[in-house]
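Be aware that the sequence shown starts at 8, since it is given in my numbering, and climbs by one per residue.
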Amino acid sequence: MRPPASTGESAFPNSSEQPRLERPAPCPRVARSIVRAKYGEPMPACTHLDHVQLTELPESVEGCEECLAAGDPWLHLRICLECGKVGCCDSSPNHHASAHAQSTGHPIMRSLEPGEEWSWCFVDEVALLVPDVHGETRIPPSPLG
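Okay, here's the thing in C-alpha cells:
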C-alpha cells in the first residue's frame, strides 16, 4: 500500500496495517528515508562521497566536543566523515553536528550510536551507508537518557 499523495488522510486507517520498524528510527530525516525505501520510491543519491576522509572510527570518544566544553548535555553523537569532529544530533539542545556541517561545508555525518551504521548527507538530505567506514566507537551514556 502506497501512502496517499498529501490528501491529509492516513495511509494506514487501520493501525494494524501500519508498517513497523524493528527499532525506532534515529531521527526524523532518516525515518523519512526509510519510509521512501519501504515504498519503493526513488531514493536521492549522495553526491558527496568524495568528501569521506575518515574510514576508521575512533576507539572511543568522550562526548560532543562543544557540549563538553560548555557543560551542556547531548542526546546522540555523530562524527564528521571529513574531519572527525564529534558533535551532537539535531534532537540534542545544541545541534552541533548539523552546525558543523553548515559552517564547514563538510556534508556527511555518521551516527556513533551503538548498533547504528547510517550516515546522513546534509547537502543531499539523504541517509546512506558508507561501506568504507569501519570500526565501532565506545561512547559514554547520554546525559539526556
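Idealized CB from N, CA, C, for every residue including glycine.
- Under the DSSP assignment, Leu75 falls in the alpha helix (DSSP H) whose first and last residues are Glu72 to Ala77.
- Where Ala106 is concerned, the enclosing alpha helix (DSSP H) starts and stops at His103 to Thr111.
- Straight-line spacing of the CA atoms in Val133 and Gln60 works out to 19 Å.
- CA-CA distance, Thr54 to Ala106, rounds to 20 Å.
- Beta-bridge pairing by DSSP links Val93 to Ile86.
- Comparing C-alpha distances from Glu89 to each of Pro80, Asp97, Cys74 and Glu63 shows the shortest one belongs to Glu63.
- Distance between His141 and Gly78, taken at the CA atoms: about 30 Å.
- A direct Cα-to-Cα measurement between Glu73 and Leu119 gives close to 16 Å.
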